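Numbering (this note's numbering), first residue to last: 242 to 396.
Here is the structure we will look at, set down as structure tokens.
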């Protein structure tokens, strides 16, 4: 008697070819793993935006954070580190209210992408999105002052 030998073949679909829902599902897994790696426990995270990065609101104890899962293959870690240095300097030295980095960048993986996926955490800034048409003249003046300080800043 001869037994047939069958092979199980695992097919991995390229992350970039997945639809929005499938990409978000995989990035949610990355976000949860990153939170555990960073020592967050008893937290919840909710996707609030996904275009270039998957942006999550993280509620942890009495604090709230922004967790960014950078789109696989879009940014190199050196660019993310540079942006984080810039944000920290704007916060510390220019006294501008910007999302301040709070934790180290962590590296993860996602099925369907052969390379690292970077995740970072920033302080949550409370507020509401605004459009120019909904802003008061005082708010527009403050926005102009913010832009002036931002353009004048050099470190």
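Backbone N, C-alpha and C fix where the C-beta goes; we use that ideal spot for every residue, glycine too.
Note that this is a predicted model, so its numbers are computed, not measured.
Coarse secondary structure for residue 344, derived from DSSP in three states: In the chain shown, residue 344 corresponds to position 103, counting from 1. Three-state DSSP puts residue 344 in coil, outside helix and strand.
Complete alpha helix (DSSP H) runs within the region 289–371 (minimum length 4 residues, chain order): 318–333
Integer Cβ distance of residue 347 from residue 279, believed to fall under 8 Å: Position 106 of the chain shown holds residue 347. Position 38 of the chain shown holds residue 279. With a Cβ gap of about 6 Å, residue 347 and residue 279 count as contacting.
CA-to-CA distance, residue 281 to residue 351, given in whole angstroms: Here residue 351 is taken as the residue at index 110 of the chain shown, counted from 1. Here residue 281 is taken as the residue at index 40 of the chain shown, counted from 1. Taking the Cα positions, residue 351 is about 20 Å away from residue 281.
Residues bridged to residue 287 (per DSSP): By 1-based counting over the chain shown, the position of residue 287 is 46. In the DSSP output, where bridge partners are listed per residue, residue 287 has 298.
Option in 292, 369, 276 and 358 with minimal Cα separation from residue 319: Position 78 of the chain shown, counting from 1, holds the residue named residue 319. Proximity to residue 319 across 292, 369, 276 and 358 peaks at 358, based on C-alpha coordinates.
Status (buried if at least 16 other CB within 10 Å, exposed otherwise) for residue 384: Sequence index remark: in the chain shown, residue 384 carries index 143 (1-based). That one is exposed.
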